[in-house]
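Asks:
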């Protein structure tokens, strides 16, 4: 899926780009509103991340140009007051995230919005593992790994939130669809099986008193 990042702070734009590419998205950056408009005119995008305070053409004006295309938009801006958020949403933005923000939160919002529009990343990759979201198969170094339904769902949740500490109660309720009652044995046993089947002891970390985090091995 193709994502356009329109952000005049090149460091922020490139940081977003690097992290989205790592998630399997194709990204391009525009550092002012005019360049953003040129990209939008020439190429179709699945999602646009749009700063408000841009040189040449500001984000509000650019949004007016984007709306007829039906492309989902997330505003990224330092303007965090309620009035600005309301204005952006009323003009047609689908979501709004305020600087400074955690990259993990931005990625989660991107994924949520793409799902809402029926645009799903068909494959996820992390380290030596590839996840096919359509066939619900997992392969490690090209060899299929047999996972249960819950193990697959848990793996996807970890990969989609890599480098983020996930609370046990959140994980349990998301994967099992039940209220977490404090018993961690079911979740913990699934985590142990995932570690063993994927040989991911160095990737799936236990976070003391919180839960688990998927991170690059040292």
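In full-length UniProt numbering, the protein residues as written are 1 to 218.
Where is the CB? At the ideal position from N, CA and C, for every residue including glycine.
Given the structure is predicted, the values throughout are model-derived calculations rather than measurements.
(1) Where does residue 213 fall in DSSP's three states?
(2) Answer with buried or exposed for residue 208, where buried requires no fewer than 16 other C-beta atoms within 10 angstroms of its C-beta.
(3) Give me the Cβ distance between residue 14 and residue 104, rounded to the nearest whole Å; I'm assuming they're in contact under 8 Å.
(4) Taking the alpha helix (DSSP H) that residue 2 belongs to, which residues open and close that run?
(5) Please state if the CB of residue 61 and the CB of residue 33 are separated by a distance shorter than 8 Å.
(6) Count the other C-beta atoms from every protein chain shown that fall within 10 angstroms of the C-beta of residue 238, then say buried if there are 16 or more, exposed otherwise.
(7) Check residue 134 in the structure and name its three-state DSSP category.
(8) Which partner residues does residue 30 have in the DSSP bridge list?
(9) Less than 8 Å separating the beta-carbons of residue 4 and residue 37?
(10) Please give the ranges of any alpha helix (DSSP H) in the UniProt DNA-binding region "OmpR/PhoB-type" (121-216), keeping only runs that are unbroken, at least 4 residues long and fully inside the region.
(11) Counting C-beta neighbours from all protein chains within 10 Å, is the total for residue 21 16 or more, i.e. buried, or is it exposed?
(12) Excluding sequence positions up to five away, which residues of its chain have a Cβ less than 7 Å from the Cβ of residue 130?
(13) Under DSSP, the alpha helix (DSSP H) around residue 62 begins and ends at which residues?
(14) At the level of alpha carbons, what is the spacing between residue 111 and residue 194?
(15) If you reduce the DSSP assignment to three classes, tell me which class residue 54 lands in.
Replies: In this structure, then:
(1) DSSP places residue 213 in strand when its eight states are reduced to three.
(2) Taking a 10 Å sphere around the C-beta of residue 208, we find fewer than 16 other C-beta atoms and assign the residue as exposed.
(3) Residue 14 to residue 104, Cβ: 17 Å. No contact.
(4) Boundaries for residue 2: no alpha helix (DSSP H) harbours it, while the beta strand (DSSP E) harbouring it runs 2-6, taken from the DSSP string.
(5) A contact, by the Cβ cut-off of 8 Å.
(6) Past the boundaries of the shown model lies residue 238; the chain is included only from 1 to 218, so the question cannot be answered.
(7) Here residue 134 sits in coil by DSSP.
(8) Under DSSP, residue 30 takes part in a beta bridge, and its partners are 6.
(9) No, the pair does not count as a contact, with Cβ atoms beyond the cut-off.
(10) The UniProt DNA-binding region "OmpR/PhoB-type" (121-216) contains these whole alpha helix (DSSP H) runs: 149-160, 168-176 and 185-198.
(11) Exposed, by the Cβ-count rule.
(12) So the qualifying residues of the chain are 123 and 139.
(13) Residues 59-66.
(14) If you draw a straight line from the Cα of residue 111 to the Cα of residue 194, it is about 23 Å long.
(15) Collapsing the DSSP output to three states places residue 54 in coil.
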